[in-house]
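Numbering (my numbering), first residue to last: 37 to 479.
Some notes on the structure that comes next.
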Ligand SMILES: Cc1ncc(COP(=O)(O)O)c(C=O)c1O
């Protein structure tokens with residue numbers, strides 16, 4: 037692997053100071069700044085981020101030098117290039133360069149050109165869009181599917197499109213940003229339940245229903261939580277929704293296609309395919325494309341969202357090329373080859389989790405393509421992440437406020453092309469880098 041590694045200049049301990057701005061504070065500090073000058077708010081954040089960039093501890097906004105493979109080259113904002121083992125891309129089944137996927141994209145481009153040229157509410161769909169909706173519906177066992185330009189738009193749009201300001205939302209406190217933003221935009225009546233705590237959700241649901249029998253309630257959760265890699269008891273949540281006249285929406289962005297013998301994700305693992313009220317997801321993790329969807333049993337809901345979910349109604353539809361890519365990926369997901377790729381993916385996931393745990397490192401959640409590695413205090417995590425990049429491991433750092441304070445983590449995203457041996461090498465780099473970061477912090 038040595039030939040893949042390009043050691044960067046930021047390796048000296050002396051350029052990091054535990055008191056330095058680069059190790060203190062968070063992006064949250066720049067969210068709610070007072071003052072009449074809007075540009076000044078941006079400048080304060082930019083100055084802080086630049087300090088971090090100059091010390092090599094701002095591992096965001098990286099640029100990929102080629103395809104998002106098991107090894108890759110990334111360039112940081114300071115211009116330094118790091119090549120190494122790539123656990124920072126969302127490419128769970130390694131389909132981005134599959135010959136059938138590329139051929140489908142090429143054929144679509146030749147037939148339709150590259151532009152959708154309109155929203156799905158106007159003339160943005162092509163024949164393939166309708167075919168993809170039907171095929172996705174077969175996997176989910178839900179007959180009505182509406183495509184969205186991104187997964188974020190699908191989550192936000194499903195909630196804002198359906199829920200009005202007198203209605204209520206009961207939502208897992210750690211649900212994805214698109215779901216919380218959608219909830220905030222839809223209604224002031226948001227009731228947060230503790231992460232995965234269905235008993236808490238039930239208490240909230242009963243109280244809300246008792247106090248307000250006249251308005252709607254939407255329960256919102258995820259199939260595989262993106263920072264913790266864990267899953268709620270979906271059957272219980274769905275049963276509660278039915279009992280109390282609510283609807284359940286489940287975000288399956290990370291698990292659809294990547295988990296389950298047939299690729300049906302957590303819904304399949306929990307025996308619930310076709311049994312949940314509303315499902316939304318993204319194509320950006322497993323299906324090698326931008327895009328998202330909302331699935332339902334109810335044709336009326338689908339058509340209502342087409343015209344009332346603003347990010348769909350007022351935004352261009354997925355391009356014909358993206359639709360063709362997702363169709364080709366979906367076909368692979370449902371094939372023997374897809375099952376084989378999921379097996380390979382799971383072997384790498386288990387090898388990574390096992391090797392990290394053996395080294396005394398805390399790994400959160402359940403086996404899934406997301407392997408959240410607990411690093412701890414934000415300052416330590418920033419240095420550890422820099423050390424990892426220099427040692428040839430590329431993975432994303434998640435810090436406050438995306439997760440709670442001082443529970444920063446490395447979000448390692450595994451793909452089918454990662455071998456177990458490569459996963460074990462990566463675990464060794466994590467352990468060594470953490471040890472070096474601790475030593476640097478200790479001075
Ligand atoms: C749980 C979850 N939902 C939705 C999204 C949004 O998906 P997309 O990247 O397609 O906008 C993401 C992506 O980060 C996610 O993690």
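Even glycine gets a Cβ: it sits at the ideal position worked out from N, Cα and C.
Counted within 10 angstroms of its Cβ, other Cβ atoms place residue i as buried (16 or more) or exposed
i	result
residue 472	buried
residue 437	exposed
residue 326	buried
residue 393	exposed
residue 261	buried
residue 50	Note that residue 50 scores a pLDDT of 46, beneath 50, so its modelled location is shaky and nothing firm can be said.
residue 398	exposed
residue 135	exposed
residue 475	exposed
residue 242	exposed
residue 224	exposed
residue 53	exposed
residue 185	buried
residue 440	exposed
residue 371	exposed
residue 343	exposed
residue 469	buried
residue 319	buried
residue 208	buried
residue 357	buried
residue 37	At residue 37 the pLDDT is 41, less than 50, meaning the model places this residue with poor confidence; the figure from the coordinates comes in the next sentence. Burial call: exposed.
residue 15	The question about residue 15 has no answer, for the chain in this structure spans 37 to 479.
residue 291	buried
residue 332	buried
residue 147	exposed
residue 197	buried
residue 45	A caution first: residue 45 carries a pLDDT of 42, below 50, which makes its placement in the model too unreliable to give a value.
Sub-8 Å separation of residue i and residue j beta-carbons
i	j	result
residue 131	residue 418	no
residue 389	residue 407	yes
residue 382	residue 125	no
residue 322	residue 369	yes
residue 345	residue 459	no
residue 435	residue 414	yes
residue 256	residue 309	no
residue 190	residue 94	no
residue 172	residue 305	no
residue 355	residue 151	yes
residue 137	residue 375	no
residue 334	residue 277	no
residue 244	residue 195	no
residue 432	residue 155	no
residue 282	residue 303	no
residue 129	residue 107	no
residue 359	residue 201	no
residue 268	residue 295	no
residue 363	residue 92	no
residue 479	residue 442	no
From the options, residue whose alpha carbon lies closest to that of residue i
i	options	result
residue 466	107, 112, 327, 410	410
residue 361	87, 83, 216, 139	139
residue 395	462, 247, 380, 278	462
residue 81	182, 259, 69	69
residue 265	301, 112, 108, 74	301
residue 273	237, 231, 149, 420	237
residue 90	194, 114, 121	114
residue 387	405, 259, 210	405
residue 192	165, 96, 62, 221	221
residue 119	72, 100, 219, 335	100
residue 240	270, 204, 62	204
residue 179	318, 251, 337	337
residue 380	198, 110, 456	456
residue 247	280, 275, 298, 263	280
residue 212	317, 88, 109, 293	317
residue 104	449, 144, 464	449
residue 55	65, 88, 66, 63	88
residue 112	127, 133, 86	86
residue 299	373, 235, 286, 252	373
Per DSSP, the bridge partner or partners of residue i
i	result
residue 257	286
residue 448	407
residue 226	205
residue 180	332
CB contact below 8 Å: residue i versus chain B
i	result
residue 339	The chain labelled as chain B is not found in the depicted structure, where only one protein chain is given.
(request) Tell me the start and end of each unbroken beta strand (DSSP E) in the region 277-362 that is at least 3 residues and wholly inside, in chain order. (result) 283-287, 314-318, 328-332
(message) Please give me, in chain order, every unbroken run of the beta strand (DSSP E) with length at least 3 that falls completely inside the region 94-175.
(response) 107-111, 117-123
(message) Give the list of continuous beta strand (DSSP E) stretches no shorter than 3 residues that lie fully inside the region 368-440.
(response) 406-412, 429-434
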